[in-house]
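As structure tokens, the structure follows; a few thoughts come after it.
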Amino acid sequence: MSRVQLALNVDDVEAATAFYARLFGTEPAKRRPGYANFAIANPPLKLVLLENPGQGGSLNHLGIEVETVDEVDATQTRLAEHGLASTDERGTTCCYAKQDKFWVEGTPSGERWEVYTVLADSATFAEATPDGQNCCGTPISDETGTTASRASCC
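According to numbering that gives the first Met the number 0, the sequence shown is numbered sequentially starting from 0.
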């Protein structure tokens, strides 16, 4: 099963989590400092809340969560056949999860789309990618003291 992911910047993750739990009638699947995600069955949606004070109410990024690495690969191949470029992030740690993913480049309105699968849970919010990029935009420190950012992932 695939589902659309909507990642929102919120000013206060606790208040936003309480609101969305009531709205969708379910508790988050994962909660960490400054972060929550919901795996909503109906409608099929992965809702990610990223605490970015002063950025609340804005879109962080969009995504499509798929079940397997093969689906990530097949989607990337299909999009390349249609002339859409992408940037790989394989074996990356982002949003408290080890992931294989890619980012679609060149969207007409500039929004960010990722296609990803979760390989395993992680105690760490993020690790820098080989090209020096970090997960999701605003600098943070996780419980291990690792500095990451929350602007373009999850």
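By construction, the Cβ of each residue, glycine as well, lies at the ideal position given by its N, Cα and C atoms.
Could you have a look at residue i and say whether DSSP puts it in helix, strand or coil?
| i | result |
| --- | --- |
| PHE18 | helix |
| GLU80 | helix |
| GLU13 | helix |
| GLU113 | strand |
| VAL3 | strand |
Taking Cβ to Cβ, would you say residue i is nearer than 7 Å to residue j?
| i | j | result |
| --- | --- | --- |
| ARG2 | LYS45 | yes |
| THR76 | VAL114 | no |
| GLY24 | GLU50 | no |
| TRP112 | LEU78 | no |
Count the other CB atoms within 10 Å of the CB of residue i; is the residue buried (16 or more) or exposed (fewer)?
| i | result |
| --- | --- |
| GLU64 | buried |
| PHE101 | buried |
| PHE18 | exposed |
| PRO27 | buried |
Leaving aside the five residues before and after residue i along the sequence, list all residues of the same chain whose C-beta is less than 6 Å from its C-beta, in chain order.
| i | result |
| --- | --- |
| LYS97 | LEU118, ALA119 and SER121 |
| LEU5 | LEU46 |
Grab me the residues of residue i's own chain with a C-beta within less than 7 Å of its C-beta, minus the 5 sequence neighbours each way, in chain order.
| i | result |
| --- | --- |
| ALA15 | VAL9 and LEU48 |
| THR92 | SER121, THR123, ALA125 and GLU126 |
| ASP68 | Contrary to the premise, residue 68 reads as Val rather than Asp in this sequence. Excluding sequence neighbours, VAL68 sits near ASP99 and THR116. |
For residue i, which option in the options has the closest C-alpha, if you only look at C-alpha atoms?
| i | options | result |
| --- | --- | --- |
| GLU13 | SER108, ALA35, GLU126 and TRP112 | ALA35 |
| GLY53 | ALA40, PRO42, ASP11 and LEU22 | ASP11 |
Going by beta carbon distance, what residues of the same chain come within less than 8 Å of residue i, once the five residues before and after it are set aside?
| i | result |
| --- | --- |
| LEU83 | VAL103, GLU104 and GLY105 |
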